[in-house]
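Trainee:
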Amino acid sequence: MRVQHFAASVIYCIYVIHLIGAVNVKIRIDREDGKPVEYFEEDLTEEDFQEKPPFEMVDRDKRASYDDRPPVVHSQSRFKRSDSETDFNVRREPDCSVKMDEMVEKNKNKPIQLAYVLEPGENIKLMCHFCGDPANYRAVIEWKRLIRQTSADGSFLIETVYEDFHDIPALNRISFTTDLSLVIYNVTKADADTYFCIDASRDTLVEAKMNAYGMNRMFTAHITKETFRLYYHLDIIKTSDIPARKVTGMDRLLENEQDYARNLEYFTNWQKWGSCSVCGKLGEQKRRGVCTVRLMDENHFGDPVYIYYALSSFKKGIPCRSTMFNVFGQNFARRPDEIEIRLCNMSCKADFSAHKFSRLDVEDIHFTGLNKAFPVDVVNVTEEGSAIIKCKGATLDDVVYWLNNSEYMTSFSVSQNSSGRVDIDVYGNLRITDARMYDAGMLECWVRMKKTRAVRFIVTPKDPHAWKRHLMYLMYTYFINFCVFLALMFVKHYHRQTQTVSGTTYYRQQKKAAAAAGADLDEDEEYYDNYYVENDTNANACTSSEDEDRDVRAWYHDAHVGDFHDSPTYTGDAPKRQTTH
Numbered sequence: 188m189r190v191q192h193f194a195a196s197v198i199y200c201i202y203v204i205h206l207i208g209a210v211n212v213k214i215r216i217d218r219e220d221g222k223p224v225e226y227f228e229e230d231l232t233e234e235d236f237q238e239k240p241p242f243e244m245v246d247r248d249k250r251a252s253y254d255d256r257p258p259v260v261h262s263q264s265r266f267k268r269s270d271s272e273t274d275f276n277v278r279r280e281p282d283c284s285v286k287m288d289e290m291v292e293k294n295k296n297k298p299i300q301l302a303y304v305l306e307p308g309e310n311i312k313l314m315c316h317f318c319g320d321p322a323n324y325r326a327v328i329e330w331k332r333l334i335r336q337t338s339a340d341g342s343f344l345i346e347t348v349y350e351d352f353h354d355i356p357a358l359n360r361i362s363f364t365t366d367l368s369l370v371i372y373n374v375t376k377a378d379a380d381t382y383f384c385i386d387a388s389r390d391t392l393v394e395a396k397m398n399a400y401g402m403n404r405m406f407t408a409h410i411t412k413e414t415f416r417l418y419y420h421l422d423i424i425k426t427s428d429i430p431a432r433k434v435t436g437m438d439r440l441l442e443n444e445q446d447y448a449r450n451l452e453y454f455t456n457w458q459k460w461g462s463c464s465v466c467g468k469l470g471e472q473k474r475r476g477v478c479t480v481r482l483m484d485e486n487h488f489g490d491p492v493y494i495y496y497a498l499s500s501f502k503k504g505i506p507c508r509s510t511m512f513n514v515f516g517q518n519f520a521r522r523p524d525e526i527e528i529r530l531c532n533m534s535c536k537a538d539f540s541a542h543k544f545s546r547l548d549v550e551d552i553h554f555t556g557l558n559k560a561f562p563v564d565v566v567n568v569t570e571e572g573s574a575i576i577k578c579k580g581a582t583l584d585d586v587v588y589w590l591n592n593s594e595y596m597t598s599f600s601v602s603q604n605s606s607g608r609v610d611i612d613v614y615g616n617l618r619i620t621d622a623r624m625y626d627a628g629m630l631e632c633w634v635r636m637k638k639t640r641a642v643r644f645i646v647t648p649k650d651p652h653a654w655k656r657h658l659m660y661l662m663y664t665y666f667i668n669f670c671v672f673l674a675l676m677f678v679k680h681y682h683r684q685t686q687t688v689s690g691t692t693y694y695r696q697q698k699k700a701a702a703a704a705g706a707d708l709d710e711d712e713e714y715y716d717n718y719y720v721e722n723d724t725n726a727n728a729c730t731s732s733e734d735e736d737r738d739v740r741a742w743y744h745d746a747h748v749g750d751f752h753d754s755p756t757y758t759g760d761a762p763k764r765q766t767t768h
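Sequential numbering of the sequence shown, starting at 188, is according to this note's numbering.
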């Protein structure tokens with residue numbers, strides 16, 4: 188009985204656990220036609236419950252960029268065997284030799300040069316071009332790196348690229364694949380240089396330190412299929428730092444510019460139009476015009492040599508923002524990139540991705556661990572104020588989706604509806620000027636099918652009585668300043684009166700003392716009695732009193748010392764002293 192009871196308990200526990208672990212919950216999904224469709228929870232994957240935008244968005248995991256962009260490695264994993272199988276197929280004979288001969292002939296037997304531009308933090312794979320199975324390839328392959336900045340003596344340095352072998356895997360940024368390709372993970376601006384691979388057993392042109400003549404030979408060497416060489420000019424540029432202007436159908440495009448001193452021409456290299464931002468409703472699409480540099484005259488030699496040969500080999504031109512042109516100074520090519528935007532309307536595909544999950548029955552469904560709360564930033568602006576809300580992770584090449592309370596806003600609609608107060612710039616930032624109360628709401632930014640930022644935008648009402656408080660503040664300020672001014676004037680006037688009275692009193696005391704001693708005084712005693720009083724009416728009374736006070740003391744000093752005394756004589760406005768015996 189105990190065994191049967193124990194077995195029944197175990198079966199019951201398993202049944203309860205099964206009920207807890209697999210609850211049949213129906214999920215209602217709203218189609219675009221408004222008809223709801225129900226699915227069981229076990230028929231859906233975890234990805235189906237992740238937060239999605241309330242509209243059909245074009246998946247752009249591979250964003251548009253320059254035409255000659257190299258393959259970008261996935262940022263979350265190392266290279267697998269299958270990732271390089273396509274490279275093995277390229278090296279198979281006889282297709283590999285035929286293709287390489289075509290490339291050599293097309294480039295007039297000169298080394299092929301390519302310019303690549305990446306964002307900081309991306310990964311890149313550079314192939315070392317040769318034919319045959321890498322396992323049977325007996326050449327000594329080495330990757331070289333040309334440092335673009337010259338040394339103190341004007342020579343160029345070429346370093347050998349080595350693979351990283353750190354104990355911490357995250358620090359291993361440089362590695363080689365089985366087909367001898369170079370992979371750089373998490374690129375930084377310090378990685379911006381020229382890379383190329385050589386057969387160290389046969390290549391005699393490349394040295395660790397080379398002058399201009401050696402660089403000339405290296406870039407102009409006659410190549411064949413056996414001595415094939417390809418230069419990768421790698422640039423890492425943050426597109427948010429690139430100057431760009433928005434262009435619509437009403438705006439005028441930039442014209443080509445010529446720099447005759449450097450034999451360079453600047454032009455806009457227009458990329459293909461991207462897909463429509465949304466389907467089933469009015470959206471927008473964009474294309475990028477990249478500022479590009481090319482040679483005006485290929486027969487005119489330029490300096491430095493590596494730039495001249497890179498431009499002569501790369502017929503399509505090199506982006507203006509390439510660090511290759513840093514030798515020309517910071518003001519080189521101030522021409523901005525151009526971002527052209529136009530309206531579009533694309534129909535949606537009838538598949539599951541076009542469905543929208545209903546938010547009406549959320550209270551009937553309880554999932555744990557599927558959706559983490561997205562952090563919400565708070566931006567508080569006073570009415571009639573301004574704010575710039577940046578979209579994290581957006582670049583010039585991305586289509587940025589801004590949602591206001593789950594409503595998709597195109598750059599055209601938001602600008603028209605707000606009379607230009609609100610705009611989405613070329614970098615994907617939301618710019619709000621002269622904020623109104625109805626601008627407040629929940630803002631979301633989506634880039635490449637992912638929400639990158641959520642902002643609660645709050646507009647604080649402007650105080651209608653602020654001008655009154657400001658006026659009262661000004662009145663109090665002026666009153667206090669006026670009182671301080673009067674106090675200073677009173678102190679100065681009191682100081683002058685004190686000096687005048689003290690000088691007159693001293694003179695009269697000395698006069699009485701001299702009379703008591705029997706000394707002779709001048710006849711015009713009335714002048715001496717009124718001497719200080721008359722001068723006190725002058726604006727310079729204080730100064731005159733001090734000078735004349737010194738004269739009086741000097742007169743009595745002479746009278747007591749040698750029976751000589753000074754008496755004033757009158758010539759003009761000021762008294763003069765004459766000596767009497």
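Glycine is no exception: its CB is placed at the ideal position from the N, C-alpha and C atoms.
Which stretch, first to last residue, makes up the beta strand (DSSP E) that contains Cys404?
Mentor: Reading off the sequence shown, one finds Arg at residue 404, where the question assumed Cys. No beta strand (DSSP E) contains Arg404, which is instead part of the alpha helix (DSSP H) from 399-407.
Trainee: Contact check, Cys348 vs Asp422 under 8 Å by CB: the rounded distance?
Mentor: Note that residue 348 is Val in the sequence shown, not Cys. Not quite, the Cβ-Cβ distance comes to about 17 Å (not below 8 Å), so this is no contact.
Trainee: Assuming Ala581 contacts Val634 (C-beta within less than 8 Å), just tell me the rounded distance between them.
Mentor: Ala581 to Val634, Cβ: 5 Å. Contact.
Trainee: Leaving out five residues on either side along the sequence, give the residues of the same chain with a beta carbon under 6 Å from the beta carbon of Val477.
Mentor: Excluding sequence neighbours, Val477 sits near Asn456, Pro506, Asp524.
Trainee: Quick one: any contact between the segment 509-518 and the segment 403-422, if contact means 3 or more CB pairs under 8 Å?
Mentor: Cβ pair count under 8 Å is three or more, so yes.
Trainee: So, are the CB atoms of Ala497 and Ala574 less than 8 Å apart?
Mentor: No, Cβ-Cβ distance for Ala497 and Ala574 is not below 8 Å.
Trainee: Below 8 Å on the Cβ atoms is my contact criterion, and I expect Arg522 with Leu441 to pass it. Report the Cβ-Cβ distance as a whole number of Å.
Mentor: Rounded, the Cβ-Cβ distance is 7 Å, consistent with contact.
Trainee: What number of angstroms, rounded off, separates the C-alpha of Pro298 from the C-alpha of Asn532?
Mentor: Each residue's Cα considered, the two are about 45 Å apart.
Trainee: Could you give the residue range of the alpha helix (DSSP H) that holds Cys283?
Mentor: Where Cys283 is concerned, the enclosing alpha helix (DSSP H) stretches over 282-293.
Trainee: Leaving aside the five residues before and after Thr639 along the sequence, list all residues of the same chain whose C-beta is less than 8 Å from its C-beta, in chain order.
Mentor: The answer, listed in chain order, is Cys578, Lys579, Gly580, Ala581, Cys632, Trp633.
Trainee: Please report the distance separating the alpha-carbon of Ser602 from that of Ile611.
Mentor: Their backbone Cα atoms lie some 8 Å apart in a straight line.
Trainee: Where are the beta strand (DSSP E) runs, 3 residues long or more, that stay fully inside the segment 353-430, in chain order?
Mentor: Whole beta strand (DSSP E) segments, 3+ residues: 361-363, 369-371, 381-386, 417-423.
Trainee: Identify, in the order they occur along the chain, each residue of the same chain with its Cβ nearer than 6 Å to the Cβ of Gln300, setting aside the five sequence neighbours on each side.
Mentor: So the list reads Tyr418, Ala497, Ser500, Phe501, once near-sequence residues are dropped.
Trainee: Using only alpha-carbon positions, find the residue among Ser338, Gly628, Gly607 that is nearest to Ala395.
Mentor: The shortest Cα separation from Ala395 among Ser338, Gly628, Gly607 belongs to Ser338.
Trainee: How should Val393 be labelled, buried or exposed, when 16 other C-beta atoms within 10 angstroms of its C-beta is the threshold for buried?
Mentor: So Val393 counts as buried.
Trainee: Can you tell me whether Gly341 is buried or exposed? The criterion is at least 16 other CB atoms within 10 Å of its CB, across all chains shown.
Mentor: Looking at its Cβ environment, which holds fewer than 16 other Cβ atoms inside 10 Å, Gly341 is exposed.
Trainee: Where DSSP assigns a beta bridge to Met629, which residues make up the other side?
Mentor: DSSP output for Met629 lists Arg643 as bridge partner(s).
Trainee: Classify Phe383 as buried or exposed, calling it buried when 16 or more other Cβ atoms lie within 10 Å of its own Cβ.
Mentor: Label assigned to Phe383: buried.
Trainee: Rounded to whole angstroms, what is the Cα-Cα separation between Gln696 and Gln684?
Mentor: Their backbone Cα atoms lie some 19 Å apart in a straight line.
Trainee: Roughly how many angstroms lie between the CA atoms of Asp282 and Asn310, to the nearest whole one?
Mentor: Taking the straight line from one Cα to the other gives about 28 Å.
Trainee: Could you tell me which residues DSSP puts in a beta bridge with Gln300?
Mentor: Note: Gln300 sits in a beta bridge opposite Tyr418.
Trainee: Using three-state DSSP, classify Ile528 as helix, strand or coil.
Mentor: Reduced to three states, the DSSP call for Ile528 is strand.
Trainee: Give every residue of the same chain whose Cβ lies closer than 6 Å to the Cβ of Val563, excluding the five residues on either side of it in the sequence, and list them in chain order.
Mentor: Cβ within range, chain order: Ala641, Arg643.
Trainee: Would you mind giving the Cβ-Cβ distance between Thr647 and Asn567, rounded to the nearest angstrom? I have them listed as a contact below 8 Å.
Mentor: Thr647 to Asn567, Cβ: 6 Å. Contact.
Trainee: Checking 8 Å against the spacing of the C-beta atoms, do Gln458 and Arg529 come in under that value?
Mentor: No.
Trainee: Here's a check: name, in chain order, each residue in its chain whose Cβ is nearer than 6 Å to the Cβ of Thr620, leaving out the five neighbours to either side.
Mentor: For Thr620, where only same-chain residues beyond five positions count, the Cβ hits under 6 Å are Ser573, Arg608.
Trainee: What are the start and end residues of the alpha helix (DSSP H) that includes Asn604?
Mentor: Its alpha helix (DSSP H) spans residues 598-604.
Trainee: By the 10 Å Cβ neighbour count, where 16 or more other Cβ atoms means buried, how is Glu346 classified, buried or exposed?
Mentor: With fewer than 16 Cβ atoms within 10 Å of its Cβ, Glu346 is classed as exposed.
Trainee: Inspect the beta-carbon positions of Val291 and Thr411 and report whether they are closer than 8 Å.
Mentor: Cβ distance < 8 Å, so Val291 and Thr411 count as in contact.
Trainee: Relative to the C-alpha of Gly489, which residue among Phe454, Phe599, Asn450, Gly615 is closest?
Mentor: Per the Cα distances, Asn450.
Trainee: Using a Cβ-Cβ cutoff of less than 6 Å, which residues in the same chain neighbour Thr597 once the five nearest sequence positions on both sides are dropped?
Mentor: Contacts found: Glu471.
Trainee: According to the Cβ coordinates, are Arg439 and Asp380 closer than 8 Å?
Mentor: Cβ distance not < 8 Å, so Arg439 and Asp380 don't count as in contact.
Trainee: Buried or exposed for Trp654, going by 16 or more other Cβ atoms inside 10 Å?
Mentor: Counting Cβ neighbours within 10 Å, Trp654 comes out exposed, since fewer than 16 surround it.
Trainee: Under 8 Å by Cβ, that's how I've got Tyr614 and Ser462 pegged, so tell me the actual separation to the nearest angstrom.
Mentor: Their Cβ separation, rounded to whole angstroms, is 20 Å, which puts Tyr614 and Ser462 out of contact at 8 Å.
Trainee: May I ask you to report which of helix, strand or coil DSSP gives Ala581?
Mentor: DSSP places Ala581 in coil when its eight states are reduced to three.
Trainee: When we look at the beta-carbon of Cys315 and count the other beta-carbons within 10 Å, is it buried (16 or more) or exposed?
Mentor: It counts as buried.
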